[in-house]
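Just so you know, the sequences run in chain order A and B.
First residue of the first sequence? That's 1 in our numbering, and the numbers climb one at a time after it.
First residue of the second sequence? That's 411 in our numbering, and the numbers climb one at a time after it.
Note that beta-carbon positions come from the ideal geometry of N, C-alpha and C, so glycine has one too.
Quick notes on the structure that follows.
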Amino acid sequence: MAPEALICRECEATYPLEARYVCESCFGPLDVSYDFGDLDPGEARRKIQAGSRGIWRYADFLPFAERPRDPLEPGLTPLIRADRLAATLGLESVWIKNDAANPTHSFKDRVVAVALAKAKELGFETVACASTGNLANAVAAHAAASGLESYVFVPSDLEEQKLLATGVYGTKLVGVNGNYDDVNRLCTQLCETKPWAFVNVNLRPYYSQGSKTLAFETVEQLGWSLPDRIVGPIASGSLFTKLGSGFSEWIDLGMVKGTLPTFNGSQPEGCSPVATAFAEGRDVCKPQRPDTIAKSLAIGDPADGPYALDLARGTGGAIDSVSDDEIRDGIRLLAESTGIFTETAGGVTIAVLSKLARRGDIDPAERVVAYITGEGLKTLDATRDEFHMYEIEPTIEGFESMLEPVGAAG
Amino acid sequence: MPVTVKIPAQLRAVTDGEGEIEVEGSTVGEALDAVFDEHDDLRERITEDGGLRRFVNVYVSGEDIRFRDGLETELSDGDEVTILPAVAGG
Numbered sequence: 001m002a003p004e005a006l007i008c009r010e011c012e013a014t015y016p017l018e019a020r021y022v023c024e025s026c027f028g029p030l031d032v033s034y035d036f037g038d039l040d041p042g043e044a045r046r047k048i049q050a051g052s053r054g055i056w057r058y059a060d061f062l063p064f065a066e067r068p069r070d071p072l073e074p075g076l077t078p079l080i081r082a083d084r085l086a087a088t089l090g091l092e093s094v095w096i097k098n099d100a101a102n103p104t105h106s107f108k109d110r111v112v113a114v115a116l117a118k119a120k121e122l123g124f125e126t127v128a129c130a131s132t133g134n135l136a137n138a139v140a141a142h143a144a145a146s147g148l149e150s151y152v153f154v155p156s157d158l159e160e161q162k163l164l165a166t167g168v169y170g171t172k173l174v175g176v177n178g179n180y181d182d183v184n185r186l187c188t189q190l191c192e193t194k195p196w197a198f199v200n201v202n203l204r205p206y207y208s209q210g211s212k213t214l215a216f217e218t219v220e221q222l223g224w225s226l227p228d229r230i231v232g233p234i235a236s237g238s239l240f241t242k243l244g245s246g247f248s249e250w251i252d253l254g255m256v257k258g259t260l261p262t263f264n265g266s267q268p269e270g271c272s273p274v275a276t277a278f279a280e281g282r283d284v285c286k287p288q289r290p291d292t293i294a295k296s297l298a299i300g301d302p303a304d305g306p307y308a309l310d311l312a313r314g315t316g317g318a319i320d321s322v323s324d325d326e327i328r329d330g331i332r333l334l335a336e337s338t339g340i341f342t343e344t345a346g347g348v349t350i351a352v353l354s355k356l357a358r359r360g361d362i363d364p365a366e367r368v369v370a371y372i373t374g375e376g377l378k379t380l381d382a383t384r385d386e387f388h389m390y391e392i393e394p395t396i397e398g399f400e401s402m403l404e405p406v407g408a409a410g
Numbered sequence: 411m412p413v414t415v416k417i418p419a420q421l422r423a424v425t426d427g428e429g430e431i432e433v434e435g436s437t438v439g440e441a442l443d444a445v446f447d448e449h450d451d452l453r454e455r456i457t458e459d460g461g462l463r464r465f466v467n468v469y470v471s472g473e474d475i476r477f478r479d480g481l482e483t484e485l486s487d488g489d490e491v492t493i494l495p496a497v498a499g500g
């Protein structure tokens, strides 16, 4: 089993496995193709179960001939059965895949682990990225762990928590006066002249492979079975589409029996180019200027938008958007019913899950997995003023008086 | 009016290695047509049915032309028209 080549998703032109992301013939995106030979699914499953406690247990399905050494292995995050959340929504079987439980508290550790392993294999000494925050944390941390130099480019108005949790790793943190799409354009331009591995530019075909491990883990943690439906966030659409690739790959290889789950995508209303294209029946996304509290999803020009649309439509799913208030409610609903505190992107996902349940789109008997991709401590502003703290004197009387209803007659 | 069209590395094989091409044009469409006149292969690489392929982004002075008037976006003297792949990021 080995990665074979880079292949254009549009015209199927092939290229060697090097730092390259665009097809020179048609400008389409490149993906990694594999030769799985005569894979024996039973043996492959046994090998996985005897493997490491993280994403490298799936190394045979990632773009490496040999399993890389990784000092900060992410993955194998909890898949939690959320019965109280399900009951609130009138559903029977809901699971939360809590990917905040990664080394830098988001799913980005998966893609960065894969990209940095490839960067080292290709001989790069410096890595870089264009980030909305979570990726910045992950690149800075994994570069530090691997002894690579790093440059991290972010919009300068990012949440303070995400800036602090990047700078601490000793990276060169560059705040760009613009939105994410400006940062991304700048990095695409810099990538032409700097001899660096930009994880989500010239290494994007490898980087995106890391997201497949979320699908693999879901299958394994559900006892080698498929969910009926998944709900996940969409920013560029890379995670969403690669979840689809992960499930499809394992179905095709006989690793799991069944059909592709229904795919539901979620976006914040303040940045919803993919949801808008879905609603309008278009197959390309019109770019938007983001204005949302869900900054990790604030990509106005999503690179994988057309493919996310194909996946949602092809599986009978949908792509919905929710308001900032619904996002705050989503964060709170998840926290109060599961004990999991998610960042705004997770609030978007839970808000869309609630919307689908209310709308009657989900058969109560369906097995639904919702993907929580980041940690609530990174977007604390979204929970500010959402609850009341009692302040009392350090006396029994002080506490007892707190319990009296406000305004009650003494 | 004279403007500069910047060609991304991935397309320089069809512009004889040129990364910047000076042309005349009062709109983005005219400037690109002038570039295509010099390098015909480029037309096929980045356009389809008279419009830009969906994985091609074009910027005028850093702004995506889809926020302005697309190929009809008007140009001023000395503007930079930058062609870039749209498949990065996220």
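Cβ-Cβ distance between residue i and residue j below 8 Å
i	j	result
G427 of chain B	L485 of chain B	no
S106 of chain A	A100 of chain A	yes
G347 of chain A	I331 of chain A	yes
V176 of chain A	F153 of chain A	yes
G28 of chain A	R9 of chain A	yes
S266 of chain A	L239 of chain A	no
N202 of chain A	Y15 of chain A	no
V470 of chain B	D489 of chain B	yes
K328 of chain A	E375 of chain A	The sequence shown places Arg at residue 328 of chain A, not Lys. It is not a contact, given that the beta carbons lie outside the stated cut-off.
I319 of chain A	S236 of chain A	no
K97 of chain A	L122 of chain A	no
V139 of chain A	S150 of chain A	yes
V413 of chain B	V445 of chain B	no
Rounded straight-line distance, which links the Cα of residue j to that of residue i
i	j	result
V183 of chain A	A19 of chain A	20 Å
A59 of chain A	Y371 of chain A	22 Å
V411 of chain A	A144 of chain A	With chain A covering only 1 through 410, there is no way to say anything about residue 411 of chain A.
L413 of chain A	L260 of chain A	Limits of chain A in this structure are 1 at one end and 410 at the other, which puts residue 413 of chain A out of reach.
G42 of chain A	G54 of chain A	20 Å
R476 of chain B	E220 of chain A	43 Å
P3 of chain A	F341 of chain A	37 Å
W56 of chain A	E73 of chain A	8 Å
G429 of chain B	G147 of chain A	34 Å
G480 of chain B	A441 of chain B	13 Å
G410 of chain A	M389 of chain A	Caution is warranted here: a pLDDT of 45 is assigned to G410 of chain A, below 50, making its placement in the model unreliable, and the coordinate value is therefore given only provisionally. Whole-angstrom Cα-Cα distance: 22 Å.
R422 of chain B	S52 of chain A	44 Å
L214 of chain A	G398 of chain A	49 Å
A115 of chain A	T276 of chain A	31 Å
A130 of chain A	E400 of chain A	53 Å
R69 of chain A	K118 of chain A	11 Å
I417 of chain B	A345 of chain A	36 Å
T395 of chain A	E404 of chain A	15 Å
A197 of chain A	I392 of chain A	54 Å
E66 of chain A	L89 of chain A	45 Å
Contact with chain A by residue i, beta-carbon distance below 8 Å
i	result
V497 of chain B	yes
R478 of chain B	no
L451 of chain B	This sequence places Asp at residue 451 of chain B; Leu is not what is there. With 8 Å as the cut-off, D451 of chain B does not count as an interface residue toward chain A.
F538 of chain B	Residue 538 of chain B falls outside the range modelled here, since chain B spans only 411 to 500, and no answer is possible.
I431 of chain B	no
L494 of chain B	yes
A423 of chain B	yes
A419 of chain B	yes
I475 of chain B	no
G500 of chain B	yes
Chain B within 8 Å of residue i, Cβ atoms only
i	result
F27 of chain A	yes
D361 of chain A	no
G237 of chain A	yes
N179 of chain A	no
C187 of chain A	yes
Y15 of chain A	no
K286 of chain A	yes
Y21 of chain A	yes
P306 of chain A	yes
E192 of chain A	yes
R204 of chain A	yes
V201 of chain A	yes
Which residues DSSP lists as bridging residue i, in chain order
i	result
N184 of chain A	None; N184 of chain A has no bridge partner.
Y34 of chain A	A:P3
C8 of chain A	A:L30
P364 of chain A	In DSSP, P364 of chain A forms no bridge with anything.
**Prompt:** Within the chosen definition, does the stretch 292 to 302 of chain A reach the stretch 261 to 275 of chain A through at least 3 CB pairs nearer than 8 Å?
**Reply:** The stretch 292 to 302 of chain A makes contact with the stretch 261 to 275 of chain A, as at least three CB pairs between them are under 8 Å.
**Message:** For the structure I just gave you, are there three or more beta carbon pairs, one from the stretch 223 to 239 of chain A and one from the stretch 367 to 383 of chain A, closer than 8 Å?
**Reply:** Touching, per the Cβ criterion.
**Prompt:** Are there three or more Cβ pairs, one per stretch, closer than 8 Å when the stretch 301 to 321 of chain A is compared with the stretch 247 to 255 of chain A?
**Reply:** The stretch 301 to 321 of chain A vs the stretch 247 to 255 of chain A: no contact.
**Request:** Could you tell me whether the stretch 107 to 116 of chain A touches the stretch 125 to 145 of chain A, where touching means 3 or more Cβ pairs closer than 8 Å?
**Result:** yes
**contact_flag[the stretch 351 to 366 of chain A, the stretch 380 to 400 of chain A] where n(CB pairs < 8 Å) is 3 or more** = no
**Request:** Check whether the stretch 489 to 498 of chain B touches the stretch 183 to 196 of chain A, counting contact only when three or more Cβ pairs, one atom from each stretch, lie closer than 8 Å.
**Result:** yes
**Prompt:** Hey, is the stretch 73 to 93 of chain A in contact with the stretch 188 to 201 of chain A, meaning 3+ C-beta pairs nearer than 8 Å?
**Reply:** no
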